Each structure stands twice: as C-alpha cells, then as structure tokens.
Amino acid sequence: MRSIAGLVSIVAAATVCLYLLSTHLPPGPKNAAPGGEDGVAQEYRLKFPSDLEELRELAEMLKFYKREHHGYVLLLFCSAYLYKQSFAIPGSSFLNMLAGAIFGPWEGLVLACLLTTSGSTFCFLLSSMFGKQYVAQLFPEKVALLQRKVEENRSSLFFFLLFLRFFPMTPNWFLNITCPVLNIPMPIFFFSVFIGLIPYNFICVRTGSMLSQISSLDDLFSRRTLAQLLAIALVALVPGALIKHYSKTHLKVDGMNSNGTSQAEFKQERRRR
Numbered sequence: 001m002r003s004i005a006g007l008v009s010i011v012a013a014a015t016v017c018l019y020l021l022s023t024h025l026p027p028g029p030k031n032a033a034p035g036g037e038d039g040v041a042q043e044y045r046l047k048f049p050s051d052l053e054e055l056r057e058l059a060e061m062l063k064f065y066k067r068e069h070h071g072y073v074l075l076l077f078c079s080a081y082l083y084k085q086s087f088a089i090p091g092s093s094f095l096n097m098l099a100g101a102i103f104g105p106w107e108g109l110v111l112a113c114l115l116t117t118s119g120s121t122f123c124f125l126l127s128s129m130f131g132k133q134y135v136a137q138l139f140p141e142k143v144a145l146l147q148r149k150v151e152e153n154r155s156s157l158f159f160f161l162l163f164l165r166f167f168p169m170t171p172n173w174f175l176n177i178t179c180p181v182l183n184i185p186m187p188i189f190f191f192s193v194f195i196g197l198i199p200y201n202f203i204c205v206r207t208g209s210m211l212s213q214i215s216s217l218d219d220l221f222s223r224r225t226l227a228q229l230l231a232i233a234l235v236a237l238v239p240g241a242l243i244k245h246y247s248k249t250h251l252k253v254d255g256m257n258s259n260g261t262s263q264a265e266f267k268q269e270r271r272r273r
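The opening residue of the sequence shown carries number 1 in UniProt numbering; numbering runs sequentially from there.
Right, here's the structure in full:
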C-alpha cells in the first residue's frame, strides 16, 4: 500500500508542476503573433497532440514563443517528454515529431535521444521502487516469457535488448517497467535504450522537421524532400538488418511474436476469437 501511495504522490506532484508550467506562458514576441493581431496571440490551451493537425498547431505556437523564450520552450518540452516517458504513457512518436518541428532535425534528434533514455531510466527506477510486485502480478505470462528469454540470452544480454528495441516484440513502455523485474543491470538497460531507439527517434524527428517545412504537394515531391525520405528509409532498414542478421546466429528469440506473447498463447487467442 505504501508503494502505491508513494507512486501516486510522485505522479500527482509531476502533474501539478507540468500543469503550472503549461498554463503560465510568457508574453509572446510583440512584432508578430500566430493567428492574432497587434502582437497579441490567440489564446491557446496546451495539450499533448493526438493527430497531425494538432501537432502542426502546437508546433507553430511553440516556435512562435521560441523566438524570444527559447529556454522556456525547451524546459516545457523536456518536462512534457519526461512526464510521458517516466509514467509509461504511450505517444512518444508525436513528441519526437514535435521536437523536429520546433528545434530542427539535429537539435531535435539529440533532445529526443537524451529524453527517451532519461525518461525510460526514470520509468525503470519507479518500477523498481514501487511496482515490481504489481508488474509480475498484472502480466504474469508476459513477464515469465521475457524472463525465460533473458536467461537464454544472458551471455548476449545487451544485444538481446537491442533486438527488442529495434524489433518491438513488446512495447517500449512495457520493457521499461519489466526490466527491473527481470534483474536487468542499469548500465545495460541505459545504453540499450539510447542506442536501440536512435533509428526510431531519427525517423520521427526527421518526419516532424519535414512536416513543418512542407506547405504544398510540390514541396513533398522536391528533390530535397525525396532525398530526406531515402535517408530515413536507410536509417530504418540498415541497423535493423544488421541486428536481425546477428540475432539469427547469437540470440534465441524463437517463440515470441510482435506483441510480446508466446506463439502458443497467440494461437490460443486466435481460437477463442
């Protein structure tokens, strides 16, 4: 009971801090305002984007404030990203795209990699302190399967975790909360997240950067845009192909499918349907 109360207290405190940070926007630049007149911006309620249209609107508004309040926008973005990652809330792809739209492809990529790793580590620590017993109770079959695969790949544990990040047979948030139960050492967890999610972060950040620059179909089919799409495809395919080649000879991942359950469980679910 004490564990639940401690976790609820941390979530509540973080929620209040993020709310206060998002509702006390500094004055925008006086020479222009997005959608407003005479330098007064239209009232805009900050929220996590759930589709591309909301992403575009939020990116435009934050870029507007970033002109004179770069530090504030950076603090707000980092706080929102860490909030989602630390408490295992899905939706990091939109925040990665938002990073590319606001900060550009390279600063956005660095931010996304650092925040993904830091947030996942916070989630790991929270699970270790407050939720190990509950994770095992809520997901006994999935935890047992992962535990078995971790033991089978103990000699190549780092590359096994990299494989799971490149090919998400189980969601990233679930890996973050389960690794403490599996007794994964913190350094191995940290670097497997940092390296394993670079291609994913690159794709999302680059996509967000491109979306913020495209205003017509002509822009979409320009040589520069097509070259960027080719680069994104290569980053997505090459590391994955290398890890997959390595896994065939060094890792034991048979019996797992794309949602982290065993093939036997998957067949049972299909029969029930």
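Glycine included, every Cβ here is placed at the ideal spot set by N, Cα and C. Predicted, not measured: the structure shown is a model, and the values here were computed from it.
Could you tell me the distance, in whole angstroms, from the CA atom of residue i to the CA atom of residue j?
i: residue 16; j: residue 22; result: 10 Å
i: residue 9; j: residue 55; result: 30 Å
i: residue 167; j: residue 173; result: 14 Å
i: residue 162; j: residue 7; result: 29 Å
i: residue 26; j: residue 68; result: 9 Å
i: residue 99; j: residue 105; result: 8 Å
i: residue 97; j: residue 51; result: 11 Å
i: residue 59; j: residue 157; result: 39 Å
i: residue 125; j: residue 175; result: 13 Å
i: residue 117; j: residue 133; result: 24 Å
i: residue 221; j: residue 211; result: No answer about residue 221 holds up, because its pLDDT of 48 lies below 50 and its placement is not dependable.
i: residue 90; j: residue 112; result: 15 Å
i: residue 129; j: residue 196; result: 25 Å
i: residue 135; j: residue 74; result: 33 Å
i: residue 66; j: residue 103; result: 9 Å
i: residue 64; j: residue 24; result: 15 Å
Which residues in the same chain have their Cβ closer than 6 Å to the Cβ of residue i, if we skip the five residues on either side of it in sequence?
i: residue 13; result: none
i: residue 95; result: 81
i: residue 72; result: 26
i: residue 108; result: 99, 100 and 205
Please list, in chain order, all residues of the same chain as residue i whose beta carbon is under 8 Å from its beta carbon, the five residues on each side excluded.
i: residue 147; result: 181 and 182
i: residue 122; result: 82, 85 and 86
i: residue 79; result: 17, 18 and 21
Can you name, in chain order, every residue of its own chain whose Cβ lies under 7 Å from the Cβ of residue i, other than the five neighbours on each side?
i: residue 76; result: 21 and 22
i: residue 333; result: Residue 333 is absent from the model: the chain starts at 1 and stops at 273.
i: residue 93; result: 204
i: residue 188; result: 157, 158 and 161
i: residue 11; result: 87
Original post:
If we count Cβ pairs, one from each stretch, closer than 8 Å, do we get three or more for the segment 204-214 versus the segment 144-153?
Top reply: Taking a cut-off of 8 Å on C-beta distances, the segment 204-214 does not touch the segment 144-153, as fewer than three cross pairs fall below it.
Original post:
Can at least three beta-carbon pairs, one atom from the segment 135-142 and one from the segment 81-91, be found at a separation below 8 Å?
Top reply: Touching, no.
Original post:
What alpha helix (DSSP H) runs, 4 residues minimum, are completely inside the segment 89-153?
Top reply: You should have 92-103, 105-126, 132-138 and 140-152.
**OP:** Counting only runs of 4+ residues fully inside the segment 41-85, write out the alpha helix (DSSP H) ranges in chain order.
**Re:** Here the runs fully enclosed are 52-66.
Original post:
Curious, which full-length alpha helix (DSSP H) runs of at least 4 residues does the segment 156-190 contain?
Top reply: DSSP runs (the alpha helix (DSSP H)) wholly in the segment 156-190: 157-166 and 172-178.
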